[in-house]
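Residue numbers (the working numbering): 685 to 734. Here a beta-carbon is modelled for each residue, glycine too, at the ideal position from N, C-alpha and C. Note sheet for the following structure.
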Amino acid sequence: MPEKAKRRQWLKYLFRGLLLLVVLVLVFYQQIFFAVAQLVTQEFAKSQAY
(Lines of atoms letter the chains of each structure in order from A and count residues from 1; the text may use other names and numbers.)
(Lines give C-alpha, C1' and ligand atoms only; values in the text may rest on other atoms or scores of the structure.)
Protein backbone atom coordinates (compact mmCIF):
# COMPACT_ATOMS: atom_id res chain seq x y z
CA MET A 1 0.00 0.00 0.00
CA PRO A 2 2.73 2.55 0.75
CA GLU A 3 4.00 2.15 -2.83
CA LYS A 4 0.62 3.26 -4.19
CA ALA A 5 0.53 6.28 -1.89
CA LYS A 6 4.03 7.26 -3.04
CA ARG A 7 2.99 6.98 -6.67
CA ARG A 8 -0.08 9.15 -6.11
CA GLN A 9 1.98 11.77 -4.32
CA TRP A 10 4.52 11.76 -7.15
CA LEU A 11 1.76 12.11 -9.76
CA LYS A 12 0.18 14.92 -7.76
CA TYR A 13 3.45 16.85 -7.72
CA LEU A 14 3.96 16.18 -11.42
CA PHE A 15 0.45 17.39 -12.26
CA ARG A 16 0.88 20.54 -10.16
CA GLY A 17 4.23 21.25 -11.81
CA LEU A 18 2.80 20.83 -15.29
CA LEU A 19 -0.19 23.00 -14.42
CA LEU A 20 2.12 25.70 -13.07
CA LEU A 21 4.21 25.49 -16.25
CA VAL A 22 1.11 25.91 -18.44
CA VAL A 23 -0.06 28.90 -16.40
CA LEU A 24 3.36 30.55 -16.65
CA VAL A 25 3.46 29.98 -20.41
CA LEU A 26 -0.01 31.51 -20.79
CA VAL A 27 0.93 34.52 -18.67
CA PHE A 28 4.27 35.29 -20.28
CA TYR A 29 3.51 34.24 -23.84
CA GLN A 30 -0.03 35.56 -24.05
CA GLN A 31 0.46 37.07 -27.51
CA ILE A 32 1.73 33.78 -28.93
CA PHE A 33 -1.18 31.94 -27.34
CA PHE A 34 -3.74 34.35 -28.82
CA ALA A 35 -2.08 34.22 -32.26
CA VAL A 36 -2.19 30.41 -32.28
CA ALA A 37 -5.80 30.43 -31.03
CA GLN A 38 -6.77 32.89 -33.76
CA LEU A 39 -5.06 30.78 -36.43
CA VAL A 40 -6.82 27.63 -35.23
CA THR A 41 -10.15 29.45 -35.15
CA GLN A 42 -9.68 30.79 -38.67
CA GLU A 43 -8.76 27.36 -40.01
CA PHE A 44 -11.79 25.85 -38.30
CA ALA A 45 -14.04 28.57 -39.76
CA LYS A 46 -12.63 27.91 -43.24
CA SER A 47 -13.35 24.21 -42.90
CA GLN A 48 -16.94 24.97 -41.86
CA ALA A 49 -17.57 27.31 -44.82
CA TYR A 50 -19.88 26.02 -47.53
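field: Rounded C-alpha distance that separates Gln693 from Ala719
entry: By one-based count along the sequence shown, residue 693 stands at place 9. By one-based count along the sequence shown, residue 719 stands at place 35. Distance between the alpha carbons of Gln693 and Ala719 is about 36 angstroms.
message: For Phe717 and Leu710, which I take to be in contact (beta-carbon distance under 8 angstroms), what is that distance rounded to the nearest angstrom?
response: In the sequence shown, the residue the question calls residue 717 occupies position 33. In the sequence shown, the residue the question calls residue 710 occupies position 26. Sure, about 6 angstroms apart at Cβ, within 8 angstroms.
query: Looking at the structure shown, is Ala719 part of a helix, part of a strand, or coil, going by DSSP?
result: By 1-based counting over the sequence shown, the position of residue 719 is 35. DSSP places Ala719 in helix when its eight states are reduced to three.
task: Leaving out five residues on either side along the sequence, give the residues of the same chain with a beta carbon under 7 angstroms from the beta carbon of Val707.
output: For the purposes of this step, residue 707 is taken as the residue at position 23 of the sequence shown. So the list is empty, once near-sequence residues are dropped.
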